[in-house]
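Here is the structure we will look at, set down as structure tokens.
In structure tokens:
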């Protein structure tokens, strides 16, 4: 991990969590050396991660939490995970959104990162069930308008579905489903709780699963954004098979065997490196 003494607490904790998940556990003394911080700082970080339900503290360190298939972390908790991977994925995926197209952005923190990359793409029509994603575009448009009448041309048209709000700040349920069923998208960008060869795309929230099914059915092209930790994870409800996915955008942490298995099943695998460049597939 190198010299990380100046990292913000949330960045440091994201690195710790990545280490826990990648190695299956860490010791406090290992983290103090790798992060170049005090024993007390590491213990505070582990306490914070344990309160979020992200790790389980054990004597001398921490191990991953064995999550139930129904467990759904909130947006804030998920936003601290795999920060750099999400940014890499978002930059690579942004190249798939053509100016003037109609796109759908489903909920999740990786799609939220993508939305921040898309505010400069002209003339998009964006349909989303994510309150956070809609706020990204509205905030960008307000800031451009504030500088004077010569606001940026081609600002996105944003349609926010109705529905019931989930812990991930997405809108789901019959109202959202009805809105999505009536529309047609060039591309759907969707994040997932889990993705696997057998279960396909899955989520712990039953209502969100149904809403996501309608998103998938309404899109000409389905692009999944998922960092390497999502591969092999299975939520309570599957909403799409791998065969329904046109492209997966992931990060360089995805192991070679998984890349091979995915490449055999999907038309396109994009492995994003730093700054969003494609480093393999």
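Residue numbers (the numbering used here): 20 to 300.
Note that the Cβ used here is the ideal one computed from N, Cα and C, for glycine as well.
All of these numbers come straight from a predicted model, not from anything done at the bench.
Collapsed DSSP secondary structure at residue i in the structure displayed
i           : result
residue 97  : The pLDDT assigned to residue 97 is 45, lower than 50, so where the model puts this residue is not dependable, and the model offers no usable value.
residue 139 : coil
residue 273 : coil
residue 230 : helix
residue 205 : strand
residue 87  : Caution is warranted here: a pLDDT of 46 is assigned to residue 87, below 50, making its placement in the model unreliable, and no coordinate value can be reported.
residue 185 : coil
residue 33  : helix
residue 190 : strand
residue 279 : helix
residue 146 : strand
residue 170 : Reliability fails at residue 170, whose pLDDT of 49 lies under 50, so the model's placement of it is uncertain and the value that follows must be treated cautiously. DSSP places residue 170 in coil when its eight states are reduced to three.
residue 27  : coil
residue 113 : helix
residue 285 : coil
residue 39  : helix
residue 211 : coil
residue 180 : coil
residue 121 : strand
residue 197 : helix
residue 134 : helix
residue 153 : helix
Beta-carbon proximity check, residue i vs residue j, cutoff 8 angstroms
i           : j           : result
residue 138 : residue 155 : yes
residue 111 : residue 144 : no
residue 125 : residue 148 : yes
residue 187 : residue 127 : yes
residue 199 : residue 237 : yes
residue 269 : residue 210 : no
residue 123 : residue 36  : no
residue 271 : residue 290 : yes
residue 142 : residue 173 : yes
residue 250 : residue 275 : no
residue 313 : residue 152 : This structure cannot settle anything about residue 313, because the visible part of the chain is limited to 20 through 300.
residue 12  : residue 195 : Any answer about residue 12 is impossible in this case: the structure gives the chain only from 20 up to 300.
residue 31  : residue 64  : yes
residue 191 : residue 230 : yes
Supposed close pair residue i, residue j - CB separation, criterion 8 angstroms
i           : j           : result
residue 146 : residue 178 : 5 angstroms
residue 216 : residue 280 : 6 angstroms
residue 68  : residue 61  : Not a contact, Cβ separation roughly 11 angstroms.
residue 44  : residue 82  : 4 angstroms
residue 113 : residue 136 : 4 angstroms
Residue i: CB within 7 angstroms of a non-hydrogen atom of the ligand FMN
i           : result
residue 189 : With respect to the ligand FMN, the structure offers nothing, as it holds no ligand at all.
* Residue ranges of each beta strand (DSSP E) within the segment 55-81, 3 or longer -> The DSSP assignment places complete beta strand (DSSP E) segments of no fewer than 3 residues inside the segment 55-81 at 74-77, in order along the chain.
* Asked: Three or more C-beta pairs closer than 8 angstroms, one from the segment 262-275 and one from the segment 239-253: is that the case here?
  -> At 8 angstroms Cβ cutoff, the stretches touch.
* To do: Inspect the CB distances between the segment 214-230 and the segment 246-254 and report whether three or more fall short of 8 angstroms.
  => Under the three-pair Cβ rule at 8 angstroms, the segment 214-230 counts as touching the segment 246-254.
* Asked: For the 8 angstroms Cβ check, are there 3 or more pairs between the segment 70-83 and the segment 102-111?
  -> They do not touch, by the three-pair rule.
* **Complete beta strand (DSSP E) runs within the segment 215-264 (minimum length 3 residues, chain order)** => DSSP runs (the beta strand (DSSP E)) wholly in the segment 215-264: 219-222, 238-244, 256-259.
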